[in-house]
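J.:
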Amino acid sequence: MKNAMRSILTMAAIMMLSIAAIAQTTVKGVVVDGSTNESLPGASIVVAGTTSGTVSGFDGSFAFELPKGATKLVVSFVGFLDKEIALKGAQDLGTIKLESDAVGLKEVSVMASIVTDRQTPISVSTISSDIIENKLGSQEFPEILKSTPSVYTSKEGGGFGDATVYIRGFDSNNVGVLINGIPVNDMESGKVYWSNWAGLSDVTRTMQVQRGLGASKLGLSSVGGTINVLTKSTDAKKGGVIKSSIGNDGLKKSLISLSTGLLDNGWAVTILGSHTSGDGYVKGTDYDAWSYFANISKVINEKHTLSFMITGAPQWHNQRGNKHTIQQYRDHKDEFKYNSDYGMREGKIYGGAYGYNYYHKPQAQLNHYWTMDDKTSLATSFYASVGSGGGRRVYGTQAKLLGVNYSSGEDYDVTMRTPDGLLDFEGVAAINAASTAEGSQAIIANSVNNHAWYGLLSTLTHEYKQFTFTAGLDARYYKGEHYNEIHDLLGGAFFLNSKNVNRDANTWLKADDKINYYNDGEVLYTGLFGQTEYVTDDYSAFISAAVSRKAYKRTDYFLYEPGNQASDWEDFLPWNVKAGFNYKINSIHNVFVNGGYVQRTPYMSNVFLNNTNEVNKDVKYEKIITAEIGYGYTSTNFNANVTLYRTNWKDRGLVKSLGGENVNISGLNQLHQGIEVEGEYKPSKKLTVRAMVSIGDWVYQDDVHAVVYDDAQVKKGEFTAYLKDVHVGNSAQLSGSASIDYEVLPKLNVSVDYTYYGNHYADFDATKRTDLATSGDSWEMPEAGLVDAGFRYKFQIAGLDATLNTNVYNLFDTEYVSKAQDGLNHTTNEALVYYGFGRTWSTGLKIKF
Amino acid sequence: MKKLLYMASFLALVFTSCDPMEDAYKEVDEANADAVADAKFFSDKVLLETGYTLTDADYALSSNSSVSGHMNFSSSATAADNLPEVLTNMKVYGEAGSEYTINYNFYRGSLSYVGEYLDYLEVLAAIDSYTLTTADYDSMGTAAGEPGKYNNFDATVKASDYLPNFLLTKYPDAADGYELAVTYKYYNGSSTSMVTEFWAFDGSVWTKSDKVAPAIPGDVMIYELTTADYDEMGTGSNQPGKYNNFSSSIVPADYLPNFLSFKFPFALEGNKITPIYKYYAGDGVTETKAVEYTLTKGVWVAYQSTVEASSLVAYKDKTWLFVPPIKFVKSEKAPTVTFTLVYEDYAFVGNSQYGNFDEEEAVVLEKIAKIIKNNYEVAVGQVYSVTYKYYNAGVTDKTVILEAVEDI
């Protein structure tokens, strides 16, 4: 498979050497974005009523010989309104400006720190809306990023929306996710649960991965990178879309979107709704999800535009919560679709512990764009998101009846299974029913995490000569509510739980009663940021800094008596500074360098120890020092980028709970460095080739010292976790991809994508690396190469534009491990794994009207 | 053409995508080879969860004919030699490192004196006997220093000095080879007892023959049941007194314990009595039998030639091992084996989390004993110096010296 990597490189080299001949010009021009004057590569230039034409190069330019009798050109590009140009024979059309098909897009792009290649000195990959539309299909939303460098996406257990994304080896805690510029990482834990955002794939217009520090001016502590998602806004043109698709394992999806277009009175409304359901590729992972989106824009006058957006995606999905050994999958009748974590209840699939999730997290934004004058603008967003939902757990004195030992992937001796090998809920119900004195022995509860989040984000931009000054305010208030709630007594009459000091332990608890824990986490965040950018034709530079006050407060309704339930606010004052410089050597070559220092507030669980109001006195700011150097090459039909990076993450804290014990690991240092190469080649208007290679070297730098505390916060012991030189797991350190898109017949495109993963190490539990004798490197997963294929046909139905789009993922049904947890001796045999999906497919019809 | 070339090279690249899991599966198969072999090995075997008592069917699995024939172990067919094989053939296995108590029948043999005494009674029955009367002693002289003085013999007035002449006189017509059991009184300085001796005539002289009464253990009393004794146990049909004997339908064991209690109400715990009784064997044959009884917890218990016994066995490396009855005691002797516990040792006794001990000393010593037995072939007399990590607000090294002694 290393040969396969070599093939990609060789192919890229061949492509670099070939330079397509350019015909003697009879008509030429440069296509640019009308609002930013940035060149638009890949725009289509067609003689009206014919198929003859060309596409613009990477610098936006085009030139081609006109057929006889051509009178009109149609210039079009996804995301822009078509432009017709009358022809008067051979000529230079100069700059052709396309106008965005969305209202307020430019403004939101600025607020979201969407950057322009070659101008801002950071490494970035942009996923255009046509790639999202053509290739996402039935994949999980983050998976669309899999062909960008240093990104690893995985479906994890395979449940709907359970996918994760890692950038440069960092997980979602360390990857900033911004939707229209608004940060959405959980305020307490820093995590992003994509299932909360299951509707995003329907409403995303473009997506930009900024690796490393990124361009966001906010005080983000995203070490690995930033994923900027720009949703649709309001369509400038009246019309609508209906889409219907089907796929493997009962996937059904329908979507409708309607737009008024920009009306004469300045109003524009777009609404969208979709419904997705299916059985899931993995056994026992059926799902049902809705999504909605509405955007109302009002262009008040030349200076003011208001835009209101709301989107949400209520969903439930059954999940797979446990990894297993390779042998356990091979021994099971369901093989790689084996899911140990579900059963049947009342005739329906019923997930057990970690086997079911439901969530709804609407987010609303009210954006105001104020163009004060030619040089000054103010973009302000008020936003709110209210999430509610949770995940299933099993509790009770005999919870193991429905449990799987997560550290071995095996059932417990007492685990009850039906003859089919499913969790035996009915059997447990009989035990519960018989326990008339003690109450239910094993119940289904939900671990509920509700939150309310309100924010204000305001950015003032002022241009002065070559300088652009930006300053802003980022204020947020967040309150999360966390508790366990009885969902199903599973045949018993009641449940006993002694965890609430304010409730008699003999109280008979029923469905919807809270058990185990009940606490609120509040976060108050105030951030100020500023940036100065200097741009000339040849070079650009920026320096930005942000400082914020982040305060945590914890209120516990179970552990403390009224009057004593709330902690004080715990304040942190992290800051960051970053700077970059880009130099355009000429129209072909550019180089850039950037660097930064980021201080990060520890997560809430590191501040308040062991889920109490007890404050961790040893908590430290985590520190990240990072630098990048990059090179860009741009020609008419070929562009490429190379980036070298080095990120040092210091004093990382980690708190782990092990049964009644708490392990506090501090001073974890990680070094992530590597090289990323990305290129795109368009030898003709029919053929596009993209390729990427990223080689990372991500390791832990030192052995660390850990302290174990018991329930009562009494120090129980200490140990050394042997981590030095161990590779960072969960994400392939070597990845490559090559994709080819070819218009084999007019309007019929076929694409093939190859993705390669290597140097992919298993994740590990630092608390199990306490013996020097078994302190070797984590298990390395087998390298894997996967092929996806796509087929796209554009045609007309009753005068309406229609597209038939089919995608097959993992075409060759390759078996591979996508995620692994390391065993004690780091062997293949011990590792607990998830397999990646085998061959899956989806096909959809989209009609625009 | 160029495009086709690209397409071709791309497809070529695509088909280099081999099976990523091929090597992984090989590794798993190799790693699991032992587990698969184990699974096969254990597939027809049953886990012994606790101790076990051998059944007749189990003894029959022994290749030792004494064990399989008699359904027991004995001093010649020992449990140490034969028990592991029986367990193996029983297709049971144990948890590695666990010790199990196995109960079995142990044949300790019959009491030799009982048989000898019965033989002796038989001999006695076959020859004539004569008990000296007062007139007899007097006939040998009544002066001081003569038998008739006190009508007995003693250390100075020896039976061997007087009996040859007495018998010549008493049996003048005795044939050559005639044997006679002579019973006389003997005074040992404090008490008088009856002594029976065997005398033979060779045609001219009486000499004491080699025959002697068998030795009876000093703590045993022989008691021959009298007719009155049988009658005491009932004289109805199917009762001993009817014919003054026992039989297959009048089982001695049903009567003798109660009889002894009745007859010897003041016997003490541990006293031994061997009643001699008649047993009708059928076909007109009546045998004389004897069984030793011991007063045990207030009950007269018959001697059993086969008793229940138990031994420890351990399962190690898929093999049953006989565990010599050994225990460890703290010692100050010079160690014969010195070692320091390693992680696997802690893990073996359930202390894998931190690789040290934090329990109270008795538990630690018990765990160390288990570890020693797991690591070494322990023999009585070995002295082990064991160094281990002990956690008590910090980890310190401790050393303990343990001697293997017999565990009785």
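Residue numbers (our numbering), protein chains in the order written: chain S, 58 to 906; chain L, 7 to 414. Just so you know, even glycine gets a beta-carbon here, dropped at the ideal spot from N, CA and C.
So with CB distances below 7 Å, who are the chain B contacts of L:Asn380?
T.: Although the question refers to chain B, the structure presented lacks it and instead comprises the protein chains S and L.
J.: Which word fits S:Gly216, buried or exposed, when buried means at least 16 other C-beta atoms lie within 10 angstroms of its C-beta?
T.: So S:Gly216 ends up on the buried side.
J.: Applying a beta-carbon distance threshold of less than 8 Å, which residues of chain S neighbour L:Gly361?
T.: Thr827 and Asp828
J.: In this structure, how does DSSP classify S:Glu8 when only helix, strand and coil are distinguished?
T.: The shown model of chain S, from 58 to 906, leaves out residue 8 of chain S, and the question about it has no answer.
J.: Could you give the DSSP three-state label for S:Ser180: helix, strand or coil?
T.: strand
J.: Name the chain S residues that come within less than 9 Å of L:Glu365, Cβ to Cβ?
T.: Using a Cβ-Cβ cut-off of 9 Å, L:Glu365 is close to nothing in chain S; its nearest Cβ partner there is about 14 Å away.
J.: In this structure, how does DSSP classify L:Leu93 when only helix, strand and coil are distinguished?
T.: Per DSSP, reduced to three states, the secondary structure at L:Leu93 is helical.
J.: Determine, for L:Val3, whether the minimum Cβ-Cβ distance to residues of chain S falls below 7 Å.
T.: No answer is possible for residue 3 of chain L: the residues shown for chain L start at 7 and end at 414.
J.: Using three-state DSSP, classify S:Gly687 as helix, strand or coil.
T.: strand
J.: For S:Ser252, does the three-state DSSP call read helix, strand or coil?
T.: helix
J.: So that I know if they touch, is there some Cβ in chain L lying closer than 7 Å to that of S:Asp476?
T.: First, the amino acid is wrong: residue 476 of chain S is Pro here, not Asp. Output row for S:Pro476: interface = no.
J.: Looking only at its chain, what residues have a beta carbon closer than 7 Å to the beta carbon of S:Tyr540, apart from the 5 residues adjacent to it on each side?
T.: Val505, Lys571, Tyr574 and Tyr575
J.: Report the rounded CA-to-CA distance for L:Tyr184 versus L:Phe159, giving the unit in angstroms.
T.: 24 Å
J.: Looking at the unbroken alpha helix (DSSP H) that takes in S:Arg387, where does it start and where does it end?
T.: Ile383 to Asp388
J.: Give the range of the beta strand (DSSP E) segment to which L:Ala410 is assigned.
T.: Counting along the chain, the unbroken beta strand (DSSP E) around L:Ala410 starts and ends at Val401 to Glu412.
J.: Check the Cβ-Cβ distances between S:Gln267 and every residue of chain L, and say whether any is below 7 Å.
T.: no
J.: Buried or exposed for L:Phe334, going by 16 or more other Cβ atoms inside 10 Å?
T.: L:Phe334 counts as buried, since no fewer than 16 other beta carbons sit within 10 angstroms of its beta carbon.
J.: Can you give me, in chain order, the residues of the stretch 872-888 of chain S that have a beta carbon less than 7 Å from any beta carbon in chain L?
T.: Glu872, Tyr873, Thr884, Thr885 and Asn886
J.: Of all the CB atoms in chain S, is at least one closer than 7 Å to the CB of L:Asn441?
T.: Shown here, chain L extends from 7 to 414; a query on residue 441 of chain L therefore has no answer.
J.: Hey, S:Leu532 and S:Thr583 are a contact pair by Cβ (cut 8 Å); roughly how many whole angstroms apart?
T.: Residue 532 of chain S is actually Ala in this sequence, not Leu. The pair is a contact, with the Cβ atoms about 5 Å apart (cut-off 8 Å).
J.: Between the stretch 26-37 of chain L and the stretch 337-348 of chain S, do three or more beta carbon pairs fall short of 8 Å?
T.: no
J.: Three-state secondary structure (DSSP) at S:Ala80?
T.: The predicted position of S:Ala80 is uncertain, since its pLDDT is 39 and thus under 50; no value can be drawn from it.
J.: In chain S, what lies closer than 7 Å to L:Ala30 by C-beta?
T.: Ile383, Pro839 and Thr885
J.: Any Cβ of chain S within less than 7 Å of the Cβ of L:Met77?
T.: Chain S, which has no Cβ nearer than 7 Å to the Cβ of L:Met77, makes this no.
J.: Per the contact definition of three or more C-beta pairs closer than 8 Å, is the stretch 435-443 of chain S in contact with the stretch 473-489 of chain S?
T.: no
J.: Just the Cα atoms here: how many angstroms apart are S:Val213 and S:Tyr814?
T.: Looking at the sequence provided, one finds Glu at residue 213 of chain S rather than Val. Using only the alpha carbons, I get a separation of about 16 Å.
J.: Measure the Cβ-Cβ separation of S:Leu791 and S:Ile752 and say whether it is below 7 Å.
T.: yes
J.: Locate the alpha helix (DSSP H) running through L:Thr140, then write down its first and last residues.
T.: Thr140 to Ser145
J.: Output the distance between the C-alpha atoms of S:Ser252 and S:Asn414, rounded to the nearest integer angstrom.
T.: CA-CA distance, S:Ser252 to S:Asn414, rounds to 9 Å.
J.: For the putative contact between S:Phe121 and S:Val89, defined by C-beta atoms under 8 Å, what is the C-beta separation to the nearest angstrom?
T.: At roughly 18 Å, the Cβ-Cβ gap does not stay under 8 Å, so S:Phe121 and S:Val89 are not in contact.
J.: Where does S:Leu802 land, buried or exposed, given buried means 16+ other C-beta within 10 angstroms?
T.: Exposed, since its Cβ has fewer than 16 Cβ neighbours within 10 Å.
J.: Give me the Cα-Cα distance between S:Ile500 and S:Phe552, rounded to the nearest whole angstrom.
T.: 8 Å
J.: Taking the alpha carbon of S:Leu547 as the reference point, which residue from S:Tyr702, S:Ala486 and S:Tyr596 has its own alpha carbon closest?
T.: S:Ala486
J.: For S:Lys360, count neighbouring Cβ atoms within 10 angstroms of its own Cβ and tell me buried if that reaches 16, exposed if not.
T.: exposed
J.: Let me know the beta strand (DSSP E) ranges lying completely inside the stretch 789-813 of chain S, each 3 residues or longer, listed in chain order.
T.: 789-802
J.: If we define contact as Cβ-Cβ less than 7 Å, is L:Tyr349 a contact residue for chain S?
T.: yes
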